[in-house]
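So the structure is just underneath, and the comments pick up after that.
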Amino acid sequence: MKLGPSLHRIGNHIIAAYLIDTPEGVTVIDAGLAGLWHDLLAELDTMGRTVADIKGVILTHGDSDHIGFAERLHRDHGVPVYVHSADASRAKGGPKPANAKQTMRFGATLGFFAYSLRKGGLRTTYLTDVVELHGGETLDLPGQPEIIALPGHSEGSIAIFAPVADAVFVGDGLTTRHVLTGTKGPQPAPFTDEPEQAVASLKALISTGATWVLPGHGDPWSGGIEAAIAAVEKAAAPAG
Ligand SMILES: [Zn+2]
């Protein structure tokens, strides 16, 4: 789905990944589940692109519902895969922090579970080799993506700001559709390791001024980053 001249989305409101398209090539943000591979190829085709145009994949974090086709792109097409150093072991299938809620996140609802089955989510292919990020860097990839540390959902969660697309990709730093209740609008993502920290981390995104706020789960939000954060903070505040 085309969201803008250099911005595309694959997947749906259950699980989404994104492409930044520039004359220099394509940067992929997140890799969903393995079965999204076919959606990726179809979207590239509508863009007049091929897999050979993909210069890099940036993972917002290391959870298995975000790493789907990343290893395939790396192994078969030599595409570098970027992930924060604190989530590198998660992405490689290594031990997770004791408080990681990975198992609960994965297959949280029947709908998510059924979609995961269809998209090959139960055949997780972990990464063998990643480029580790730390936050604060601008990558030499199409769209000059800027990495912003966003600890909370996981220790190594990041957001990616792409000025060319006027978009910030937030992974599971927030969601726009609650996977359990179906409630829409920006709100805290469930199954977060450190919920309070996750909400507090969002402040670092205000300076991007991005119009598009694009989560791993939920519909694209085009109401601006400030309004998105305000909605999350409101939803996170204790009732009364
Ligand atoms: Zn997720």
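Note that the working numbering gives residue 31 to position 31 of the sequence shown, counting from 1, and the numbers run on in steps of one. For each residue, glycine too, the CB sits at the ideal point set by N, CA and C. No experiment lies behind these values; they were computed from the predicted model shown.
C-beta atoms of residue i and residue j nearer than 9 Å
i	j	result
residue 189	residue 217	yes
residue 66	residue 156	no
residue 168	residue 210	yes
residue 141	residue 48	no
residue 68	residue 31	yes
residue 158	residue 60	yes
residue 56	residue 18	no
residue 29	residue 44	no
residue 74	residue 124	no
Anticipated Cβ contact below 8 Å, residue i with residue j, distance rounded
i	j	result
residue 160	residue 58	5 Å
residue 186	residue 114	Wrong, their Cβ atoms sit about 25 Å apart, outside the cutoff.
residue 223	residue 6	Not really, about 20 Å apart at Cβ, beyond 8 Å.
residue 192	residue 198	5 Å
residue 176	residue 212	Residue 176 to residue 212, Cβ: 11 Å. No contact.
residue 11	residue 118	Wrong, their Cβ atoms sit about 12 Å apart, outside the cutoff.
residue 150	residue 237	The Cβ separation is near 20 Å, so there is no contact.
Distance, residue j Cα to residue i Cα
i	j	result
residue 78	residue 27	14 Å
residue 37	residue 84	23 Å
residue 33	residue 63	10 Å
residue 3	residue 80	25 Å
residue 46	residue 195	38 Å
residue 16	residue 182	16 Å
residue 228	residue 39	28 Å
residue 214	residue 154	18 Å
residue 9	residue 1	5 Å
residue 226	residue 23	30 Å
residue 76	residue 132	20 Å
residue 166	residue 93	33 Å
residue 95	residue 130	16 Å
residue 20	residue 162	8 Å
residue 179	residue 116	13 Å
residue 13	residue 219	5 Å
residue 126	residue 146	25 Å
residue 233	residue 173	12 Å
residue 103	residue 207	Low confidence applies to residue 103: its pLDDT is 44, below 50, so where it sits in the model is not reliable, and the reading given next is rough at best. Cα to Cα, residue 103 sits roughly 34 Å from residue 207.
residue 184	residue 202	19 Å
residue 52	residue 42	14 Å
residue 71	residue 152	25 Å
Any non-hydrogen atom of ligand 3 closer than 8 Å to residue i Cβ
i	result
residue 15	Summarising the ligand content, the structure contains ligand 1 and does not contain ligand 3.
Inset, instruction - Kindly confirm or deny that the region 84-95 and the region 136-145 touch, where touching means at least three C-beta pairs closer than 8 Å. - result: no
Inset, instruction - Can you check the region 121-154 for any beta strand (DSSP E) of at least 3 residues that lies completely inside it and give the ranges in chain order? - result: 131-133 and 146-149
Inset, instruction - Starting from the N-terminal side, write out each stretch of the alpha helix (DSSP H) that is 4 residues or longer and does not extend beyond the region 209-240. - result: 225-236
Legend entry - Segments assigned alpha helix (DSSP H), at least 4 residues, entirely inside the region 32-83: 37-46 and 70-77
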